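Undergrad:
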Amino acid sequence: MGVFSRKSSTDEAVSFPPETESFLNDFKGRHSFDSVMDFLNALKNQKVLVIGDTIIDEYHYCKPLGMSAKENLISVNYESEESFAGGAVATVSHVAGFVKEVGLFSLLGKDNSREDFIRERLGNNVRPHFVYRDDGPTVTIRRYIEKIFLKKYFQLYFHNPFIPEALDKHIAQKLEPLLDEYKTVLVNDFGLGFLGTHAINVICRKARFLAVNTQTNSSNRGFNFITKYPRMDYGCIDHVEIRLATQNRHASISDLVQEISRAVAARYFSVTMGHLGAITYDAEKKEVFEIPVFSQKVIDRVGAGDAFFSITAPLVAMGVPMDAVGFIGNTMGAIAVTIVGNERSIGRNELSRWMSTLLK
């Protein structure tokens, strides 16, 4: 199969398969680069609240030594480590680059809270609101990684996934008045012991525009479906999560996105599909858009879905057409997979340069 090339903003050749070029040509017939930038610029005066799990992502870099001589295990030599502020904090950092003000509502553990580390990584336009639990640490995921190719060996979770009812009620009580201050609310639910029934009910009842992203991971698999939220305006999950939530292995994602949007009363929905791109859906207009992937190289997939959600949710809240939402979201994701973990956030200038290259 042939590919088509274009020059990037750094004069490197960027090649795409014919189906991606076909999408871009069709998209340019509907939206110019200037009109897409108008969508981004419209976010400048937004105030957004992000609610979700704070995660400390630890990367412990190791060099493989080979198989142990006496046991069936791999031996590695520790080399170095670094930590990133992930989860909802990463989402907040992305959002902060596009809007006027972002509120962060999250849970920290009193045992090894890492609060100073987290606050140091928040932008000047971020207002943090933390609640605390006495029976566990701030969620930490420690990954052991081969440094050259970033091959992940295994990971450890440090967290308490149980949400006592008293803590759930306390979180809901603290959250309720905050919801009145923001027109747009993003929920980044990693299912790691933060958002329980009382908090979810308050969010769904009071949020004026509600965008929800729930994530399945090895700690919560089967117990963190988006359907636990009775209503939302915009939902965003990946292709594995939508199959789990609908209990359907074989139907097309285009069919499932319509089914799940009815189940959660969402007009708008997106499904990310890794190397297959993304699907966006407008239930009222009955429009389904298939957006190809724009990434040229993949360094680390951690945080790519959060980057997609962080930009698409505010755009949907502003009424941006869903084909443009998907295009901007996939461009954001293409940048995110070139970044190790949540080492840094993606801002307006970087995103606009990438989109300019795609829409030349």
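When we follow this note's numbering, the leftmost residue of the sequence shown carries the number 662, and every step to the right adds one.
Ideal Cβ placement from N, Cα and C applies to all residues, glycine included.
Treat the numbers as computed from the prediction; the structure is a model and nothing was measured.
Given a threshold of 16 other Cβ atoms within 10 Å of its Cβ, counted over all protein chains shown, does arginine 866 qualify as buried or as exposed?
TA: Answer is exposed; the Cβ neighbour count stays below 16.
Undergrad: Counting C-beta neighbours from all protein chains within 10 Å, is the total for asparagine 885 16 or more, i.e. buried, or is it exposed?
TA: That one is buried.
Undergrad: Measuring alpha carbon to alpha carbon, tell me which of Thr858, Met993 and Val981 ends up nearest alanine 703.
TA: Closest by alpha carbon: Val981.
Undergrad: Go to threonine 875, then tell me how far its beta strand (DSSP E) extends in each direction, as first and last residue.
TA: Run containing threonine 875: 870 to 875, per the beta strand (DSSP E) assignment.
Undergrad: Taking all protein chains shown into account, do 16 or more other C-beta atoms lie within 10 angstroms of the C-beta of histidine 721, making it buried, or fewer, making it exposed?
TA: Histidine 721 should be labelled buried.
Undergrad: So is isoleucine 715 buried or exposed if we call it buried at 16+ other beta carbons inside 10 Å?
TA: This sequence places threonine at residue 715; isoleucine is not what is there. Classification of threonine 715: buried, given that the 10 Å Cβ count is 16 or more.
Undergrad: Compare the Cα-Cα distances from tyrosine 890 to each of Arg788, Glu920, Asn881 and Thr858 and report the closest residue.
TA: Looking at the Cα atoms, Thr858 is the closest of the given residues.
Undergrad: Which residues in the same chain have their Cβ closer than 8 Å to the Cβ of asparagine 655, if we skip the five residues on either side of it in sequence?
TA: Here the chain comprises residues numbered 662 to 1021, so residue 655 is not present and cannot be evaluated.
Undergrad: For serine 913, which residues of its own chain have a beta-carbon under 8 Å away from its beta-carbon, when the five flanking residues on both sides are left out?
TA: Answer for serine 913: no residue qualifies.
Undergrad: Among the candidates Gly935, Arg962, Leu726 and Ala906, whose CA atom is the shortest distance from the CA of asparagine 738?
TA: That would be Leu726, whose Cα lies nearest to the Cα of asparagine 738.
Undergrad: Can at least three beta-carbon pairs, one atom from the segment 767 to 779 and one from the segment 673 to 687, be found at a separation below 8 Å?
TA: No: fewer than three Cβ pairs fall under 8 Å.
Undergrad: Within 10 angstroms of the Cβ of aspartate 841, are there 16 or more other Cβ atoms? Answer buried if so, exposed if not.
TA: Under this definition aspartate 841 is an exposed residue.
Undergrad: Just to confirm before moving on: does the CB-CB distance between serine 922 and glycine 987 stay below 8 Å?
TA: In this structure, glycine 987 does not lie closer than 8 Å to serine 922 by Cβ.
Undergrad: Do valine 873 and aspartate 899 come within 8 Å of each other at the CB atom, strictly closer than that value?
TA: No, these two residues do not count as a Cβ contact at 8 Å.
Undergrad: Using the Cα positions of lysine 708 and leucine 734, report the straight-line distance between them to the nearest angstrom.
TA: Roughly 51 Å separates the two Cα atoms.
Undergrad: Out of Ile809, Asn706 and Leu783, state which residue places its alpha-carbon closest to the alpha-carbon of phenylalanine 759.
TA: Considering only alpha carbons, the answer is Asn706.
Undergrad: Would you kindly report the start and end of the unbroken alpha helix (DSSP H) that includes methionine 698?
TA: 694 to 702 is the extent of the alpha helix (DSSP H) around methionine 698.
Undergrad: Identify every residue that forms a DSSP beta bridge with cysteine 865.
TA: Note: cysteine 865 sits in no beta bridge, so no partner.
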